Amino acid sequence: MADHALSPRPDAGPLALSDRPVGPVAAKALSSEVARHPGPKTVLVIGVTAGDTVVDRVLAVLMPSDQVVVVADGPVDDLLAGSEALTGRVTVRKDLPTDPSELPAPVDVAVVARPVLHPTVVDRVRPLLAADGVLTVATDATAGDPLTGVVADHAVRTDRVFRSFPPLRVHQLRFNPATPHLAARLDPAAVPSHVAVTKRMGIDSNGVAFGGLFAGVALLTKVVRPRSKAWLVPAALSVPVAAFFRDPRRIVPDDPRAVVSSADGKVLAVERLTDSRFGPDEWLRISVFLSVFDVHVNRSPVAGRVVSVLREEGGYANAMTAAAEHNVACYTVLETVHGRVVVAQRSGLIARRIVNRAGVGALLARGERYGLIRFGSRTDVYLPADAAAPLVSPGERVIGGETVLARWTAE
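FYI, UniProt numbering numbers position 310 of the sequence shown as 310, with every residue one higher than the one before it.
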């Protein structure tokens with residue numbers, strides 16, 4: 001695709017931003033790249049107003065070695081009040097720099113605190129970014145996206161935040177490929193598709209939608225046929241349907257050589273094979289079957305940069321059979337410090353929908369949520385055969401994001 005037009009030295013002036021500040025859920029999504037980056041880093045927060053939830057969130061997750069430049073749109077005299085720990089690390093200014101030399105260092109993470117109305121905002125920020133810097137922006141999801149062209153060329157991830165008024169799209173933009181080494185240093189990102197229920201349990205946004213749909217059908221049935229007990233059927237189904245999309249908190253092993261399971265389920269096969277789609281080399285493939293009773297949120301087994309996402313048409317055979325090789329599938333190819341890794345999401349007999357939220361260029365931390373499969377299904381992890389040793393056997397139960405499937409044989 002043609003690169004979005006960029007002015008080398010954009011003229012200074014007011015930024016085309018909405019007057020409406022974002023809420024706490026959107027603020028968490030906008031600041032997620034700040035929270036997961038271990039630093040030291042330089043952060044730029046743009047369009048800040050008094051009491052802004054975005055800048056509050058950014059300041060709350062800073063590491064001791066981080067530097068922050070806040071571009072304020074209005075009085076923010078109380079921004080650093082009572083916070084001696086931020087003295088010398090946070091700079092507040094009234095205008096957006098026009099040259100990187102005006103900043104402590106090139107920007108690693110830039111965040112636009114209010115919804116963007118025009119792509120010139122991106123043009124203004126892009127020259128300030130480090131080579132592997134990321135820009136996070138939001139647009140109004142109830143209207144046409146003013147960043148359509150930029151998003152098509154540079155978005156590595158787009159999330160929709162429905163728990164916001166108005167609902168928002170949150171785009172992460174990268175203008176140059178980041179290295180897999182940076183991915184290996186990142187924590188898993190907090191994403192708005194995870195709706196927390198308790199400290200240890202959440203539900204994917206798909207579960208909220210499907211559970212709400214069944215509950216709505218139950219309510220409508222009760223209104224239309226008040227004397228009938230037919231409403232009990234969709235009402236009873238709403239809970240298990242929502243529970244299918246449960247998304248529990250997982251503790252990812254600290255071992256940098258560990259390859260974790262991409263999903264909950266039972267190991268179907270551990271085998272060496274070749275696959276011409278991914279080159280001539282031999283792969284170690286570990287396949288996991290997910291029943292309808294397993295957690296279906298998928299996690300990245302390794303840290304890496306997404307270099308390709310391949311989707312294949314096919315059938316819907318039982319995921320436990322050999323015929324599942326030809327099912328509908330989505331292959332996410334990751335570049336890692338140990339070489340290429342492929343994660344396959346395969347549909348099953350009941351599954352009809354594969355969700356993959358990782359765009360090409362995205363950085364995934366080990367154990368990070370990146371998609372799901374509805375309803376019974378299978379995941380395969382392909383590792384370079386001579387670089388990893390398997391630690392599981394067929395028939396074993398595994399837990400996504402926690403169970404170590406294999407270990408890299410080299411440091």
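Using N, Cα and C, we set each Cβ at its ideal position, and we do this for glycine too.
Bear in mind that the values here come from a model prediction, so they are computed numbers and not experimental data.
Which residue marks the beginning of the alpha helix (DSSP H) containing K266, and which one marks its end? For the purposes of this step, residue 266 is taken as the residue at position 266 of the sequence shown. Boundaries around K266 are those of the beta strand (DSSP E), 265 to 274, since no alpha helix (DSSP H) includes it.
Look up F289 in the DSSP assignment and say whether it is helix, strand or coil. Sequence index remark: in the sequence shown, residue 289 carries index 289 (1-based). Shown here, F289 sits in a strand according to DSSP, grouped into three states.
Do V111 and A16 count as a contact pair if the criterion is CB distance below 9 Å? The residue given as residue 16 occupies position 16 in the sequence shown. The residue given as residue 111 occupies position 111 in the sequence shown. Not closer than 9 Å, so no.
Using CA coordinates, which residue listed in N298, V306, A303, M320 is at the minimum distance from F289? Against the sequence shown, residue 289 aligns to sequence position 289. Among N298, V306, A303, M320, the Cα nearest to that of F289 belongs to M320.
DSSP beta-bridge partners of N327: For the purposes of this step, residue 327 is taken as residue 327 along the sequence shown, with counting starting at 1. DSSP lists G315 as partners of N327.
Select from A362, S291, D187, V69 the residue whose C-alpha is nearest the C-alpha of residue 414. As shown, the chain starts at 1 and ends at 411. That puts residue 414 outside it, with no answer to give.
The ligand ATP and K28: does any heavy atom of the ligand fall closer than 8 Å to the residue's C-beta? This structure simply doesn't include the ligand ATP, nor any ligand for that matter.
What residues are listed by DSSP as bridge partners for E335? As a working mapping, residue 335 is identified with position 335 in the sequence shown. Note: E335 sits in a beta bridge opposite R305, R340.
Consult DSSP for L173 and reduce its assignment to one of helix, strand or coil. Stepping through the sequence shown from its first residue, residue 173 is reached at position 173. Strand at L173.
Which residue from L103, L135, R257, T53 puts its Cα closest to that of residue 428? Because the chain spans 1 through 411 in this model, residue 428 falls outside it and cannot be assessed.
Span separating the alpha-carbon of P146 from that of T158: As a working note, residue 146 is residue 146 in the sequence shown. As a working note, residue 158 is residue 158 in the sequence shown. In this structure, the alpha-carbon of P146 lies about 14 Å from that of T158.
Taking contact to mean at least 3 C-beta pairs separated by less than 8 Å, is the segment 301 to 308 in contact with the segment 166 to 183? They touch, by the three-pair rule.
Does the separation of the CB atoms of A235 and G207 fall below 9 Å? As a working mapping, residue 235 is identified with position 235 in the sequence shown. As a working mapping, residue 207 is identified with position 207 in the sequence shown. No; because the gap between Cβ atoms is not below 9 Å, this pair is not in contact.
In whole angstroms, what separates the C-alpha of residue 414 from that of V25? This structure cannot speak to residue 414, because the chain is shown only from 1 to 411.
F244 to L237, Cα distance in whole Å? Stepping through the sequence shown from its first residue, residue 244 is reached at position 244. Stepping through the sequence shown from its first residue, residue 237 is reached at position 237. Here the alpha carbon of F244 sits roughly 11 Å from the alpha carbon of L237.
In three-state DSSP terms, what is L182? Along the sequence shown, read from residue 1 onward, the residue named residue 182 stands at position 182. The three-state reading of DSSP puts L182 in helix, counting H, G and I together.
Are V260 and R366 touching if we call contact CB-CB under 9 Å? If you number the sequence shown from 1, residue 260 lands on position 260. If you number the sequence shown from 1, residue 366 lands on position 366. For V260 and R366, yes; Cβs fall inside 9 Å.
Would you decide whether N176 is buried or exposed? Buried here means 16 or more other CB atoms lie within 10 Å of its CB. To locate residue 176, count along the sequence shown from 1; it is residue 176. Answer is exposed; the Cβ neighbour count stays below 16.
Could you check if L310 is buried or exposed, using at least 16 other CB atoms within 10 Å of its CB as the buried criterion? Position 310 of the sequence shown, counting from 1, holds the residue named residue 310. Looking at its Cβ environment, which holds fewer than 16 other Cβ atoms inside 10 Å, L310 is exposed.
In angstroms, rounded to a whole number, what distance separates the CA positions of G265 and G202? If you number the sequence shown from 1, residue 265 lands on position 265. If you number the sequence shown from 1, residue 202 lands on position 202. Approximately 19 Å between the Cα atoms of the pair.
Under three-state DSSP, which class holds S347? Working through the sequence shown from its first residue, we reach residue 347 at position 347. Of the three classes helix, strand and coil, the one that applies to S347 here is strand, per DSSP.
Tell me whether the beta-carbon of V306 lies closer than 9 Å to the beta-carbon of V333. Here residue 306 refers to the residue found at position 306 of the sequence shown. Here residue 333 refers to the residue found at position 333 of the sequence shown. Taking 9 Å as the cut-off, the Cβ atoms of V306 and V333 count as close.
Less than 8 Å between C-beta atoms, sequence neighbours within five positions excluded: which residues of the same chain meet that for V19? Counting from one through the sequence shown, the residue named residue 19 turns up at place 19. This sequence places Asp at residue 19; Val is not what is there. Answer for D19: R114, listed in chain order.
Among S65, A60, D73, P38, nearest to P21 - alpha-carbon criterion: Position 21 of the sequence shown, counting from 1, holds the residue named residue 21. The shortest C-alpha separation from P21 is found at D73.
How about A269 and P394: do their beta carbons lie closer than 9 Å? Counted from its first residue, the sequence shown places residue 269 at position 269. Counted from its first residue, the sequence shown places residue 394 at position 394. Yes, the Cβ-Cβ distance between A269 and P394 is below 9 Å.
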